[in-house]
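Following: one structure in structure tokens, then a few remarks.
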Amino acid sequence: MPEDVQGRAQKLLEDQSVLESNMEAVQQRLELLRAVLSNYRSGLAVLEEMEKKQGGEEMLISIGGNAYIQAQLANPGEVTRDIGSSIRISQGLQDAKRDLGEDIASLEQQYAQLAKDYQNIVLQAASVNAQLQELAQKQAQEEPKGV
């Protein structure tokens with residue numbers, strides 16, 4: 000195999016490896032975002048259900064991991080939210096719903112952009128694979144035939 004063809008093949012193989020690694024990383028990030036979105040949507044659903052309740056009423060509350068508890072609502076109009084770094088704030092129900100909705104919208108935008116990035120990486124990988132196949136075919140045609 001001529002050196003220029005061998006060098007090009009080596010570069011394409013390196014590109015292919017990097018693209019595969021990037022695809023895996025983006026896929027993992029997409030899965031993580033899907034899980035976070037599911038969690039936030041569940042939280043919003045609970046808040047929407049709480050809107051219909053009065054203080055003292057009982058409600059089935061998700062505690063994560065597909066587990067629920069029956070709880071008596073002391074003040075359904077007040078919500079405590081974790082805003083990161085173990086910092087919690089108290090909010091009115093409507094404010095909490097609004098903020099959670101905004102968080103969900105932001106996460107959905109991140110997910111859409113990441114999905115777009117993933118598709119671009121897939122297209123790049125397909126292009127690299129096509130170039131590798133083309134090089135292999137050219138090399139096979141150029142090899143001298145045995146007698």
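Read in order, the letters of the sequence shown correspond to residues 0 to 146 in numbering that gives the first Met the number 0. Ideal Cβ positions, reconstructed from N, Cα and C, are used throughout, including at glycine.
Bridge partners of Arg80 according to DSSP: Ile88. Taking a 10 Å sphere around the C-beta of Ile86, we find fewer than 16 other C-beta atoms and assign the residue as exposed. Per the C-alpha coordinates, the member of Asp102, Leu92, Gln93 positioned closest to Gly83 is Asp102.
Gln138 and Leu18 have their C-alpha atoms some 24 Å from each other.
For Leu43, the closest C-alpha among the options Gln109, Val35, Gly100 is that of Gly100. When the alpha-carbon of Gly54 is set against those of Asn74, Asn38, Val78, Arg28, the nearest one is in Asn74. With distances taken between CA atoms, Leu72 lies nearest to Lys52 out of Lys96, Gln5, Lys52. Looking from the CA of Arg33, the closest CA among Asn128, Leu113, Glu133 belongs to Leu113. Leaving aside the five residues that flank Leu131 on each side, the residues in its chain whose CB is nearer than 6 Å to its CB run, in chain order, Leu11. A check of alpha carbon separations from Gln93 across Glu107, Gln9, Leu46, Gln123 identifies Leu46 as the nearest.
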